[in-house]
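> Take this structure first; my questions come after.
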Amino acid sequence: MTFHIGIGPNLRKSAYFDATVRDGVRSFSVYNHMLIPGHFGDPEAEYDRLINGVAMWDVAAQRQVELSGPDAGRLAQYLTPRNLAKTRIGQGRYVPLCDHDGWLINDPVLLKLSEDRYWLSVADSDIHLWAAAIGRERGWDVQVSEPDVSPLAIQGPKAVDLAAKLFGQQVRDFKYFGFAETDLDGIPLVLARSGWSKQGGYELYLQDSLCGMALWDKVREAGQEFGIGPGAPNDIERLESGLISYGADMRWQDHRANPFEMGFGPLIDLTSDHDFIGRAALERMAQSAATRTRIGLIIDGNPTPPGHPVPLGQGEDEVGTVSEFAFSPRLGKTIGVALIRADLAGSTAPLHVRVGGQDHTVRQTGIPFI
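Below is the structure:
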């Protein structure tokens, strides 16, 4: 059975939309109210390019929230419990964002472009509305906007060679999350050593959406000698590598999780005197053990992923939620990630998931898998 989703004005197209259609995109998902490619017809080849070569991804749906003005840094710090005091211009930081009750509401990468200009490269939630409201309520001199920025990712072990070919050998020295403003044959962009995989790569933050097709084609042409091809953020690789997917992994019953449950504890600075949203709640959470924790799973058999979270059971009890699972070609096993009751983490007691009307035995393992 084939289903179709209508593309209307409420779903925005990326700067690379026409290029992805021309190059054979076969499915889209919706992320930050935008269309993002799902795959290009050969998921196995796309996975192989990511693991062994280089893949290019339209990740323009990874929207930027720009904070600018004299109090931009002040607002950036107030939004996250991570201490940004030592963040330098040209440096990115992975920053959990929490609400006033300590629940996670996003996990963006923050890029410091200048002392009075920051980007939050956000996951799938309306952080621009949150940040604008907080800035206005605090009475700070800061403008919150969505700039004309469209990230294009190149990921895989050969991505560094491609980036050096495009931008020069100095990009090999970029530290992870390091970035620089530059251009490619006059096309303005920010080049960052980052991306949603553990295979290495860069993100090209295009700063003129009218140049989307031109940038796509320049990267595609330069990458031919490395076997480049289009693809999309890869769920199998992210599971193998233990990457967190906001909106998927942070769910169980009440659809919320706190940073300690997700392993973000080292990023929560409760020792310095800077203020941030949710500080009082996080201080209370830090005084007691987390009731849930994130674990890896190996699932017997090869069940078909249903496309939504499934309960994790022990006997007749629901003890957690498996947020996503998939068959790993590198491991030859079906693997997944889950939030489970903390007292059961590491236990060898039998667990199970029910998929397609059939129970499958589950055993716990560490994260990352590879």
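Position one of the sequence shown corresponds to residue 8 (the numbering used here), numbered consecutively onward. Here a beta-carbon is modelled for each residue, glycine too, at the ideal position from N, C-alpha and C. From a predicted model like this one, the values you see are computed outputs, not experimental measurements.
1) Let me check one thing: in DSSP terms, what residues is E188 bridge-paired to?
2) What's the gap between the Cα of P310 and the Cα of V197?
3) Going by other Cβ atoms of all chains shown within 10 Å of its Cβ, with 16 needed for buried, is P273 buried or exposed?
4) Just the Cα atoms here: how many angstroms apart are V360 and D242?
5) Might you give, ordered along the chain, the residues of its own chain that have their beta carbon closer than 7 Å to the beta carbon of A22, omitting 5 neighbours on each side?
6) Using the three-state DSSP reduction, which class does W126 fall into: helix, strand or coil?
7) Taking Cβ positions, are L127 and L120 nearer each other than 9 Å?
8) Cβ of V102 within 9 Å of Cβ of L86?
9) Taking just the CA atoms, how far does V178 sit from A187?
10) Considering Cα atoms alone, identify which of N59, F174, W64, V37 is closest to F47.
11) Using CA atoms only, rank isn't needed, just tell me which of S36, A26, F24 is closest to H11.
12) If we count Cβ pairs, one from each stretch, closer than 8 Å, do we get three or more for the region 142-154 versus the region 314-328?
13) Are the region 295-311 and the region 88-107 in contact at 8 Å, needing three or more beta carbon pairs?
14) Please report the residue range of the beta strand (DSSP E) in which S348 lies.
15) From this set, N90, D78, F181, which residue's C-alpha is nearest G142's C-alpha?
16) In terms of residue numbering, what span does the beta strand (DSSP E) encompassing A160 cover?
17) Skipping 5 residues on each side, what residues in its chain have a beta carbon closer than 8 Å to that of A52?
18) Are there 16 or more other CB atoms within 10 angstroms of the CB of K93, so buried, or fewer, so exposed?
19) On the premise that A170 lies in contact with I161, defined as a C-beta separation below 8 Å, what is that separation, rounded to the nearest angstrom?
20) Which residues in the same chain as S152 place their Cβ atom closer than 6 Å to its Cβ, once the five residues preceding and following it in sequence are excluded?
21) Which class does M257 belong to by DSSP, given the choice of helix, strand or coil?
22) In terms of residue numbering, what span does the alpha helix (DSSP H) encompassing T94 cover?
23) Classify W64 as helix, strand or coil using the three-state DSSP reduction.
24) Taking 8 Å as the limit between beta carbons, can you name the residues of its chain near R56, skipping five residues before and five after?
25) List, from N- to C-terminal side, the alpha helix (DSSP H) runs of 4 residues or more that fit wholly inside the region 234-291.
26) Hey, could you find the ends of the beta strand (DSSP E) Y212 is sitting in?
27) If we count the other Cβ atoms within 10 Å of its Cβ and call it buried at 16 or more, is Q365 buried or exposed?
This is what the structure holds:
1) V197
2) 41 Å
3) exposed
4) 19 Å
5) A67, S157, L213, S216, G219
6) strand
7) no
8) yes
9) 9 Å
10) W64
11) S36
12) no
13) no
14) Strictly speaking, residue 348 in this sequence is Arg, with Ser absent from that position. Looking at the DSSP string, the run of the beta strand (DSSP E) that includes R348 is 340-348.
15) D78
16) 157-162
17) G236
18) exposed
19) 7 Å
20) E73
21) coil
22) Counting along the chain, T94 falls outside any alpha helix (DSSP H), and DSSP gives it neither H nor E.
23) strand
24) A62, G163, G234, I235, G236, G238
25) 242-248
26) 208-213
27) exposed
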